[in-house]
Amino acid sequence: MCSDKKENFTEGDILSTLRVLAPTLNRGPAAVADFLLADPGRAMPMTLAEVARQSGTSDASVIRLARAAGCRGYRELRTRLATSLGRAEGASEEGSYPAGVAAGDSPEAVIAKLAATERETIAQTQRTLDAAVVRDVAESLASARRILVVGIGASGLVARDLAAKLSRIGLVAHAAAEAHDALTFAVLLGPEDVFVGISVSGRTRDVVDAMDLAANSGAATVGLTAQPRSAIGGAGRALISVAPREAGLRIGATTSRSGQLFVVDALFTMVYQLREEESARALALSRDALAFKRTPRSRRNAPPEETSA
């Protein structure tokens with residue numbers, strides 16, 4: 000069992016916990032976390048002293064990491080590491096099912112397991128978010144002349160969601176989910192603009208290249224990633240971390256996308272707060288413009304014979 004201290008992580012997948020913790024730790028414990036994450040299968044049988052030596056740190060750093068992860072000590076951390084590896088192997092044997100879901104699970108079990116995973120992902124993302132950074136990014140977005148949001152693959156869906164939300168409240172926001180579009184729009188940005196790059200790995204070349212181009216053009220750059228120490232985290236960039244929970248194989252990056260969308264909602268809400276009057280007016284205008292597209296309530300619930308021509 001993990002420590003009951005309020006600040007510690009609750010018991011769960013230790014690999015996900017370490018990914019969330021690593022960017023927030025001091026150098027010693029962070030180096031231990033990086034070592035464990037790089038090859039958990041190799042690290043799992045090691046003693047505390049061996050982990051300290053192989054990670055180039057000290058016994059104290061290993062213990063500090065274990066406690067930061069919500070464990071009483073290294074022995075518990077190693078036990079949870081073995082459990083996480085076992086889950087990952089079991090998930091691989093199941094094929095492409097999300098972690099924790101088995102081929103024979105009932106619909107009720109599938110829904111319950113996915114809901115629990117989503118809740119854990121959002122909770123981990125909440126814990127790793129720096130509220131001051133999120134607020135600073137929201138302020139940049141609220142005052143930007145133009146906003147370009149870039150994401151490839153599953154992250155492209157998140158990019159479209161953020162751009163659509165910002166557009167609805169009167170900001171000039173565009174989403175790019177393809178490399179050529181991203182580069183074409185990024186090169187046109189300037190000092191009054193904001194570039195938001197979304198990549199769970201932080202290494203998606205099409206996102207990083209467009210971000211570099213936007214930065215060279217003078218635009219403010221923001222990275223939304225689960226790996227702040229990756230290529231997306233260049234100097235002078237604001238970084239927002241999401242919690243990756245990728246034990247086992249994933250279908251459509253479901254859980255990482257949940258963390259991303261949670262951050263999108265937080266950003267959108269803060270931007271709305273910062274320009275409430277303009278946002279409310281923009282939403283009212285779009286609502287009125289689309290009023291004729293909505294079916295009247297009286298027709299919506301009427302029997303078929305009353306609504307037929």
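Numbering (numbering that gives the first Met the number 0), first residue to last: 0 to 308.
Built from N, CA and C at the ideal position, the CB exists for glycine as well.
Here the structure is a predicted model, which means the values were calculated and not measured.
Take Pro28, set aside five residues on each side of it, and the residues of its chain with a beta-carbon closer than 7 Å to its own are Ser60, Arg63, Leu64, Ala67, in chain order. The beta carbon of Arg145 lies closer than 8 Å to those of Val171, Ala172, His173, Leu188, Glu191, Asp192, Val193 in the same chain, with the five residues before and after it left out. Taking the CA atoms as reference points, Arg286 sits about 27 Å from Val149. Taking a cut-off of 8 Å on C-beta distances, the stretch 194-209 does not touch the stretch 112-126, as fewer than three cross pairs fall below it. Residue environment for Glu49: exposed (fewer than 16 other C-beta atoms within 10 angstroms of its C-beta).
In this structure, Ala175 places its C-beta atom within 7 Å of the C-beta atom of Phe184.
Distance check between Asp264 and each of Val100, Glu275, Lys164 places Lys164 closest, using alpha-carbon atoms only. Taking C-alpha positions only, Leu76 is separated from Pro44 by approximately 11 Å. When rounded, the separation of the alpha-carbon atoms in Asp160 and Gln53 is 43 Å. When DSSP states are grouped into helix, strand and coil, Val199 belongs to the coil group. Spatial neighbours of Val132 in its own chain (CB-CB distance under 8 Å, excluding positions within 5 residues in sequence) are listed in chain order as Ala237, Leu238, Ile239. In this structure, the beta-carbon distance from Ala21 to Ala32 falls below 7 Å.
Counting only runs that start and end inside the stretch 154-190, the beta strand (DSSP E) elements of at least 3 residues fall at 172-175.
Counting every other CB atom within 10 Å of its CB across the protein chains shown gives Arg74 a total below 16, marking it as exposed. A direct Cα-Cα distance of roughly 13 Å separates Gly103 from Lys112. Counting along the chain, Gly55 sits inside no beta strand (DSSP E), nor does DSSP assign it H or E at all. DSSP lists Val193 as the bridge partner or partners of Ala219. Straight-line spacing of the CA atoms in Arg204 and Ser15 works out to 24 Å.
Using a Cβ distance threshold of 7 Å, Val186 and Leu212 count as a contacting pair. Each of Gly40, Ala279, Lys292, Leu36 was checked against the Cα of Ser166, and the nearest Cα belongs to Ala279.
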